[in-house]
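**Q** In my numbering, the protein residues as written are 2 to 299.
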Amino acid sequence: MLLYRSAAWFAKGLREYTKSGYESASKDFVPDDLEVQVPGRSFLVTGGNSGIGKATAIEIAKRGGTVHLVCRDQNRAEGARGEIIRESGNRNIFLHIVDLSDPKAIWEFVENFKQEHTLHVLINNAGCMVNKRELTEDGLEKNFATNTLGVYVLTTALIPVLEKEHDSRVITVSSGGMLVQKLNTNDLQSERTAFNGTMVYAQNKRQQVVLTEHWARAHPAIHFSCMHPGWADTPGVRLSMPGFHASMGDRLRSAAQGADTVLWLALAPAATAQPSGLFFQGDFLPRSETSAHTLASC
């Protein structure tokens, strides 16, 4: 059954998750949705030093938003901050160096952050795909620690900060790979079966979708959503899936195309007309009930 599900998902991906799928969907976009300016609004983007995270941060900065980049590597983060400022002309770009696989470091970051800053939109973009089972210093499997537990701790800790603001939102960058996984709460640390980094990552992304649904029910003052950016040419894909990256070549979307739905969910007034807690990708919603921008992540 898993083999059939994976084959069907890959066939769907070739039609819809690629650059050509984006170009087809973009014909129905509503350009005015993203013709917005957001001075005075604060956005936190994890993994904002490269790929989809940096593309997202650049577009938010161009619209006047204050951007907080949460990154692990100081040098790469400083380089990204300089690039974002140069491209946007916006100097309200702040760096925070945090290891998102370390729950204690995340709690300490939030305790400091909330003393000095407000927050309107959290974008959980950072992630990892470690292809051999590795443990963090706390004894946690690294993919789970970063992709699931780190997202959970950061989001949970920031909910009281977000609830203080008008039109607060949380967007989590999931993956279409989650469609090949059923939620498995019996082996969160990937100890009981042969380790497969790609499948562990897909399971983590399923977990993110379930968490999003839970948060939406528990915190109605905040609009929660998660999305699949399609198959994009990013440093993470090149590093973690070199064979896939080489085989797909120029069929992969650009990072900016992958970021399109993130931006719509973070910026567009139309996004919050959708129910909180949804996973945005291709045919998830009836066409008549959703903005065409949900198709960007198909």
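Each residue gets a CB set at the ideal place from its N, CA and C atoms; glycine is no exception.
Restricting to Cα atoms, I'd like to know which of K28, N93, F196 and V111 is closest to L101.
**A** Among K28, N93, F196 and V111, the Cα nearest to that of L101 is on V111.
**Q** How should A267 be labelled, buried or exposed, when 16 other C-beta atoms within 10 angstroms of its C-beta is the threshold for buried?
**A** By the 10 Å Cβ count, A267 comes out buried.
**Q** What's the C-alpha gap between M237 and A127?
**A** For clarity, residue 237 is Gly in the given sequence; the question names Met instead. Answer to the nearest angstrom: the Cα atoms are 10 Å apart.
**Q** Could you check what DSSP says for L45 in three-state terms: helix, strand or coil?
**A** L45 falls in the strand class under three-state DSSP.
**Q** Three Cβ pairs or more, each shorter than 8 Å: is that satisfied between the segment 225 to 233 and the segment 271 to 284?
**A** These segments touch.
**Q** When we look at the beta-carbon of E142 and count the other beta-carbons within 10 Å, is it buried (16 or more) or exposed?
**A** Buried, since its Cβ has 16 or more Cβ neighbours within 10 Å.
**Q** Should the segment 83 to 92 be called in touch with the segment 253 to 268, which here means at least 3 C-beta pairs below 8 Å?
**A** Touching, no.
**Q** For N113, count the other beta carbons within 10 Å of its own beta carbon; 16 or more makes it buried, fewer makes it exposed. Which is it?
**A** By the 10 Å Cβ count, N113 comes out exposed.
**Q** Give me, in chain order, the residues of the same chain whose beta-carbon lies closer than 7 Å to that of N185; leave out the 5 immediate sequence neighbours on both sides.
**A** Here the set comprises Q204.
**Q** Please return the same chain residues whose Cβ sits closer than 8 Å to the Cβ of T19, not counting the five positions on each side in sequence.
**A** Same-chain partners within the cutoff: G231, W232, M249, R252, L253 and R254.
**Q** Per the DSSP calculation, V71 is bridged to which residue(s)?
**A** Answer by DSSP bridge pairing, in chain order: T47 and H97.
**Q** I need the boundaries of the alpha helix (DSSP H) containing L35, first residue and last residue.
**A** Premise fails: L35 is in no alpha helix (DSSP H) and is neither H nor E.
**Q** Looking at the unbroken alpha helix (DSSP H) that takes in N125, where does it start and where does it end?
**A** First-last for N125: V122 to N125, but that is the beta strand (DSSP E), not the alpha helix (DSSP H).
**Q** Would R82 and I94 qualify as a contact pair, given that the criterion is a beta-carbon distance under 9 Å?
**A** Against a cut-off of 9 Å, the Cβ pair of I94 and R82 comes out as a contact.
**Q** Could you compute how far the alpha carbon of A297 sits from the alpha carbon of V46?
**A** For A297, the pLDDT reaches just 37, beneath the cut-off of 50, and the residue's location in the model is therefore unreliable, although a value from the coordinates is still provided. Looking at the two C-alpha atoms, the distance is approximately 20 Å.
**Q** Using only the alpha-carbon positions, how far apart do V31 and E117 sit?
**A** Approximately 36 Å, taken between the alpha carbons.
**Q** Whose C-beta lies closer than 6 Å to the C-beta of E60 among residues of the same chain, with five residues either side of it excluded?
**A** Around E60: L264.
**Q** For the candidate residues E79, Y202 and D74, whose alpha-carbon lies nearest to that of R134?
**A** Nearest of E79, Y202 and D74 to R134, Cα basis: Y202.
**Q** Is the Cβ of L180 closer than 9 Å to any Cβ of chain C?
**A** Protein chain content of the structure displayed is limited to a single chain, and chain C is not contained in it.
**Q** With a Cβ-Cβ cutoff of 9 Å, do V154 and G198 count as a contact?
**A** Cβ atoms of V154 and G198: not closer than 9 Å.
**Q** Would you tell me roughly how many angstroms separate the C-alpha atoms of H69 and L136, rounded to the nearest one?
**A** Near 28 Å, if we compare the C-alpha coordinates of L136 and H69.
**Q** Which residues in the same chain have their Cβ closer than 7 Å to the Cβ of A12, if we skip the five residues on either side of it in sequence?
**A** Same-chain partners within the cutoff: there are none.
**Q** Tell me which same chain residues have a C-beta within less than 6 Å of the C-beta of V162, skipping the five on either side of it?
**A** Hits under 6 Å: K115 and L120.
**Q** Compute the Euclidean distance between the alpha carbons of R16 and A8, then round it to the nearest angstrom.
**A** Those two C-alpha atoms are separated by around 13 Å.
**Q** Using a threshold of 9 Å, state whether the C-beta atoms of N144 and V174 are closer than that.
**A** It is not a contact, given that the beta carbons lie outside the stated cut-off.
**Q** Would DSSP call L136 helix, strand or coil?
**A** Strand.
**Q** Going by DSSP in three states, V39 sits in which element: helix, strand or coil?
**A** Coil, per DSSP.
**Q** Please state the DSSP three-state secondary structure of H224.
**A** The answer is strand: DSSP assigns H224 an E or B state.
**Q** On the DSSP letters alone, give me the boundaries of the alpha helix (DSSP H) that F114 sits inside.
**A** P104 to E117 is the extent of the alpha helix (DSSP H) around F114.
**Q** Taking the CB atoms as reference points, tell me whether V152 and M179 lie closer together than 9 Å.
**A** Cβ atoms of V152 and M179: not closer than 9 Å.
**Q** Within its chain, find whatever has a CB closer than 8 Å to the CB of C53; leave out the 5 residues flanking it on each side and keep chain order.
**A** It is worth fixing the name first, because residue 53 is Ile in this sequence and not Cys. Excluding sequence neighbours, I53 sits near N126, V174, P230, A233, T235, A256, G259, A260 and V263.
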